[in-house]
Structures are given as structure tokens and as C-alpha cells.
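S.K.: Got a structure for you, questions after.
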Amino acid sequence: MENISLDPNDPMWSLARSMENTVRTIRKARGLRNPEDCVQGSDEHEEVSVEFLKDVMRLMGEDPNEIDEDDEHGDLGVGATG
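The numbering of the sequence shown is the working numbering, which starts it at 190 and goes up by one.
Right, dumping it as C-alpha cells:
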């Protein structure tokens, strides 16, 4: 997979930030916690972060519960060391 580095002046940067802020706002309106609402490094922070990322995937039209056929380990890259 290609490593993509976005410049803050890149339009994709703005899109990514907008999507992130949209998910944060919707979660807050629904009474759900965002990662910054939890103690970093705690089990709760990890759980909320995973749910946050699943919501971002849903916003992009993806099913976060569907395993990508290209992901040979079935873990979406979680735990990869580099």
C-alpha cells in the first residue's frame, strides 16, 4: 500500500479534516464519546477510537465489519509494525 503524505494545503487534507469534524459532531450530538474524551492509552480510549474510525469508514460508504479481501491478515493492518 502506498504511503500518502498530505500537505495541509492539499484539498484532500481539507476533505479529511471535514470528514473527521463531521464524525466528531455527529457522535457528540448522539451522546457518544470521541477519542479526546477519554484518557489516552486506556482501554476505553482504544474502544472509542475504534468506534470513531468505524464511523469514519461508514461516512466514506464502507462497511467496517466487512473484511477487505486484499487484507491477507484480516486485521485491517492493526498491529502492523511498519
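Even for Gly, the Cβ is constructed at its ideal location relative to N, Cα and C.
These numbers come from a predicted model, not from an experiment.
(1) To the nearest whole angstrom, what separates the beta carbons of residue 237 and residue 223, a pair I think is in contact under 8 Å?
(2) For residue 245, which of 228, 212, 198 has the nearest alpha-carbon?
(3) Please list, in chain order, all residues of the same chain as residue 216 whose beta carbon is under 6 Å from its beta carbon, the five residues on each side excluded.
(4) To the nearest angstrom, report how far apart residue 207 and residue 195 are at their CA atoms.
(5) Compare the C-alpha of residue 210 against each of 199, 225, 230 and name the closest.
M.R.: From the atom records:
(1) At roughly 7 Å, the Cβ-Cβ gap stays under 8 Å, so residue 237 and residue 223 are in contact.
(2) Of 228, 212, 198, the residue nearest in Cα terms is 212.
(3) So the list reads 223, once near-sequence residues are dropped.
(4) Taking the straight line from one Cα to the other gives about 14 Å.
(5) Comparing Cα-Cα distances from residue 210 to each of 199, 225, 230, the minimum goes to 225.
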